[in-house]
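Data first, discussion second: the structure below is written as structure tokens.
Protein chains: 2
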Amino acid sequence: MVNYPKGVHGVQSSVKNQIKAGKQSRRGLTFGKRGMGLEDEINAANDYYVANHLAVIYKKPTPVTIVKVDYPARSAAKITEAYFQKPSTTDYNGVYSGKYIDFDAKETKNKTSFPLKNVHEHQVQHLANIVSQGGVGFLLIKFTTLDETFLYPAPDLVDAWMRLDGHKSLSYDELKAKSYQVEAKLNPSMDYLNALDRYLEDLASGVRTDRPGRSNQASDGSVNGASGDANAGGPS
Amino acid sequence: MVNYPKGVHGVQSSVKNQIKAGKQSRRGLTFGKRGMGLEDEINAANDYYVANHLAVIYKKPTPVTIVKVDYPARSAAKITEAYFQKPSTTDYNGVYSGKYIDFDAKETKNKTSFPLKNVHEHQVQHLANIVSQGGVGFLLIKFTTLDETFLYPAPDLVDAWMRLDGHKSLSYDELKAKSYQVEAKLNPSMDYLNALDRYLEDLASGVRTDRPGRSNQASDGSVNGASGDANAGGPS
Chain G
1 MVNYPKGVHG VQSSVKNQIK AGKQSRRGLT FGKRGMGLED EINAANDYYV
51 ANHLAVIYKK PTPVTIVKVD YPARSAAKIT EAYFQKPSTT DYNGVYSGKY
101 IDFDAKETKN KTSFPLKNVH EHQVQHLANI VSQGGVGFLL IKFTTLDETF
151 LYPAPDLVDA WMRLDGHKSL SYDELKAKSY QVEAKLNPSM DYLNALDRYL
201 EDLASGVRTD RPGRSNQASD GSVNGASGDA NAGGPS
Chain F
1 MVNYPKGVHG VQSSVKNQIK AGKQSRRGLT FGKRGMGLED EINAANDYYV
51 ANHLAVIYKK PTPVTIVKVD YPARSAAKIT EAYFQKPSTT DYNGVYSGKY
101 IDFDAKETKN KTSFPLKNVH EHQVQHLANI VSQGGVGFLL IKFTTLDETF
151 LYPAPDLVDA WMRLDGHKSL SYDELKAKSY QVEAKLNPSM DYLNALDRYL
201 EDLASGVRTD RPGRSNQASD GSVNGASGDA NAGGPS
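These protein sequence lines are chains G and F, in that order. Per UniProt numbering, the first sequence starts with residue 1, numbered consecutively. Per UniProt numbering, the second sequence starts with residue 1, numbered consecutively.
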């Protein structure tokens with residue numbers, strides 16, 4: 001770990017601010033209670049990771065379209081009309097051991113399948129873009145009734161999306177077979193880095209590839225050709 | 001480049017949404033006109049990079065504390081009371097050639113110096129955290145009167161912050177000596193990847209290190225010791 005230079009303090013307080021921001025602006029406000037528990041757990045894990053210099057991953061602020069702002073005093077501008085936007089990317093990103101990490105969190109009460117309608121097409125496109133730039137993308141999917149959470153890699157999501165056309169459900173069994181289960185822990189309760197470590201090991205050893213469709217011989221073999229630098233020969 | 005699978009479309013529209021979000025919620029609303037021009041230029045560059053599969057870098061939404069929401073109809077929740085938050089990280093992050101990229105944009109009308117009060121302490125801390133995880137952090141600083149923009153690496157910012165205690169100004173000459181100037185282009189006008197490429201080359205060749213204080217023999221030599229994996233021996 002790098003020693004933090006004097007004059008550069010405040011990691012704890014900035015983390016607290018971030019967590020607070022997450023709570024106050026979380027999507028629960030927009031979409032009811034869906035996703036609240038998992039988001040809180042992930043925020044707590046990210047707090048723990050930053051404080052312990054394990055990773056720097058944050059939830060992005062909720063995108064809002066601001067229409068009217070009042071300036072009652074010099075001190076605090078007050079937004080009086082604004083609307084929630086549909087997020088065009090994913091909710092979480094950051095850096096872990098030199099790697100770009102990007103993911104979204106999804107919850108389902110189902111026990112036997114994960115409905116793909118929980119994922120937006122632009123999120124699948126965004127994760128495909130991430131992977132093509134050598135980043136690591138995935139979904140964290142929690143089956144709340146079973147109390148099981150899986151790290152589902154983006155390349156598998158893209159494959160399933162094409163195959164199922166985005167409308168159907170992914171069976172629990174297939175999801176589990178392709179995923180890395182997050183092992184239950186006390187602190188943080190949602191220690192998803194333990195699942196991510198196993199995924200990164202499999203990528204490094206070549207057990208898995210990190211390109212969508214590579215396992216299907218790709219579409220025209222261009223995957224290894226034109227791209228060149230980013231991740232040829234597996235992740236660096 | 002990876003071939004985008006059928007059924008996964010919409011990169012153009014999602015980029016447009018993001019750009020729109022940046023415009024409508026940009027900090028210009030909070031802090032007057034400061035930073036507007038540069039932000040627009042960076043958003044246009046990011047748009048260009050995503051559309052041409054060169055990088056996936058976005059501006060984060062403006063963080064807002066939401067106090068009151070009306071639900072007049074089922075369709076559109078209306079936020080009727082909210083306040084701008086101080087951002088606790090930086091405005092931009094993403095992935096480029098497998099590397100995690102994180103930066104903030106700053107403008108000054110000065111011609112001979114850059115006042116460090118334009119940078120918040122939590123941003124310096126955040127960039128130090130990023131670098132310690134093997135990410136690439138920097139400021140994009142535009143001298144609007146001179147019409148010159150520099151990519152100023154995070155490790156140099158951390159050094160200057162410690163030395164100048166966060167209150168004074170960085171001279172234009174020192175900044176220029178430590179930075180990579182963004183070469184003027186027509187499209188995108190703020191093609192900062194050309195400066196980033198030169199910085200990454202210098203990191204790869206060992207001309208520069210990516211750890212704050214390393215050039216000063218560090219504080220107690222622990223920089224190369226405990227961290228181990230992330231970036232020992234230069235960036236991967």
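Note that the Cβ used here is the ideal one computed from N, Cα and C, for glycine as well.
Residue closest to residue i, alpha-carbon to alpha-carbon, out of the options
i, options, result
"G:Ala51", "G:Val64, G:Asn187 and G:Glu39", "G:Asn187"
"F:Ile130", "F:Asp159, F:Ile79, F:Thr89 and F:Phe150", "F:Thr89"
"G:Glu121", "G:Glu201, G:His53, G:Met190 and G:Ala154", "G:Ala154"
"F:Ala177", "F:Met162, F:Ser189, F:Ser113 and F:Ala204", "F:Ser113"
"G:Ser132", "F:Tyr49, F:Thr108 and F:Ala44", "F:Tyr49"
"F:Tyr192", "F:Tyr152, F:Lys168, F:Thr209 and F:Arg163", "F:Tyr152"
"G:Leu175", "G:Leu157, G:His167, G:Lys168 and G:Arg163", "G:Leu157"
"F:Lys86", "G:Lys86, G:Ala76, G:Ala82 and G:Asp91", "G:Ala76"
"F:Val92", "F:Trp161, F:Lys59 and F:Val207", "First, the residue type needs correcting, since residue 92 of chain F is Tyr and not Val in the sequence shown. Among F:Trp161, F:Lys59 and F:Val207, the Cα nearest to that of F:Tyr92 is on F:Lys59."
"G:Ala55", "G:Gly206, G:Leu196, G:Asp210 and G:Met162", "G:Leu196"
"G:Ala160", "G:Pro115, G:Leu38 and G:Pro63", "G:Pro115"
Whole-angstrom distance between residue j and residue i, CA atom to CA atom
i, j, result
"F:Asp165", "F:Val124", "12 Å"
"G:Lys78", "F:Glu183", "39 Å"
"G:Leu170", "G:Leu127", "18 Å"
"G:Val119", "G:His53", "31 Å"
"F:Asp104", "F:Lys117", "14 Å"
"F:Tyr96", "F:Ile57", "8 Å"
"residue 241 of chain F", "G:Arg198", "Because chain F in this structure spans residues 1 to 236, residue 241 of chain F falls outside the shown range and cannot be described."
"F:Ile65", "G:Phe84", "Residue 65 of chain F is actually Thr in this sequence, not Ile. So the two alpha carbons sit approximately 12 Å from each other."
"F:Asp70", "F:Thr80", "7 Å"
"F:Asn110", "F:Ile141", "11 Å"
"G:Asn194", "G:Ala45", "11 Å"
"F:Thr149", "F:Asp40", "14 Å"
"F:Ile42", "F:Ser189", "9 Å"
"G:Pro61", "G:Tyr172", "31 Å"
"G:Ser179", "G:Asp47", "24 Å"
"F:Ile101", "G:Gly137", "15 Å"
"F:Gln12", "F:Lys99", "Note that F:Gln12 scores 38 on pLDDT, short of 50, meaning its location in the model is unreliable and no value can be drawn from it."
"G:Gly94", "F:Lys68", "30 Å"
"G:Met162", "G:Glu107", "21 Å"
"F:Glu201", "F:Asp210", "12 Å"
"F:Lys168", "F:Val207", "28 Å"
"G:Phe143", "G:Ala82", "33 Å"
Under 7 Å from the C-beta of residue i: neighbouring residues of chain G
i, result
"F:Phe84", "Ala77"
Residue i, enclosing beta strand (DSSP E) - first and last residue
i, result
"F:Ser171", "Ser169 to Ser171"
"F:Glu107", "Lys99 to Thr108"
"G:Leu54", "First-last for G:Leu54: undefined, no H or E at that position."
"F:Ser113", "Ser113 to Pro115"
"F:Leu139", "Val136 to Phe143"
"F:Leu95", "A small fix is needed here, since residue 95 of chain F is Val in this sequence, not Leu. That run of the beta strand (DSSP E) goes Tyr92 to Tyr96."
Partners in chain G for residue i, counting only beta-carbon separations shorter than 8 Å
i, result
"F:Tyr92", "Neighbours of F:Tyr92 on chain G: none; closest Cβ ~11 Å, over 8 Å."
"F:Asn129", "Val11, Val50, His53 and Val56"
Span of the alpha helix (DSSP H), counted from its first residue to its last, around residue i
i, result
"G:Leu164", "Ala154 to Leu164"
"F:Ser132", "Glu121 to Ser132"
"G:Glu81", "That residue, G:Glu81, is in no alpha helix (DSSP H); its beta strand (DSSP E) goes Lys78 to Phe84."
"F:Asp70", "First-last for F:Asp70: Val64 to Asp70, but that is the beta strand (DSSP E), not the alpha helix (DSSP H)."
"F:Asn194", "Leu193 to Ser205"
Classification of residue i by the beta-carbon crowding that lies within 10 angstroms, buried from 16 upward
i, result
"F:Pro72", "exposed"
"F:Leu139", "buried"
"F:Gly135", "buried"
"F:Leu146", "exposed"
Under 9 Å from the C-beta of residue i: neighbouring residues of chain F
i, result
"G:Glu81", "Lys78, Ile79 and Thr80"
"G:Tyr100", "Val56, Asn93, Gly94, Val95, Tyr96, Gly98, Lys99, Tyr100, Ile101 and Gly135"
Within chain G, partners of residue i - CB distance below 9 Å
i, result
"F:Thr62", "Pro61, Pro63, Val64 and Ile66"
Partner residues on chain F for residue i, Cβ-Cβ distance less than 7 Å
i, result
"G:Thr89", "Tyr58"
Any non-hydrogen atom of the ligand NAD closer than 7 Å to residue i Cβ
i, result
"F:Glu121", "Annotation note on the ligand NAD: not contained in the displayed structure, which lists no ligands."
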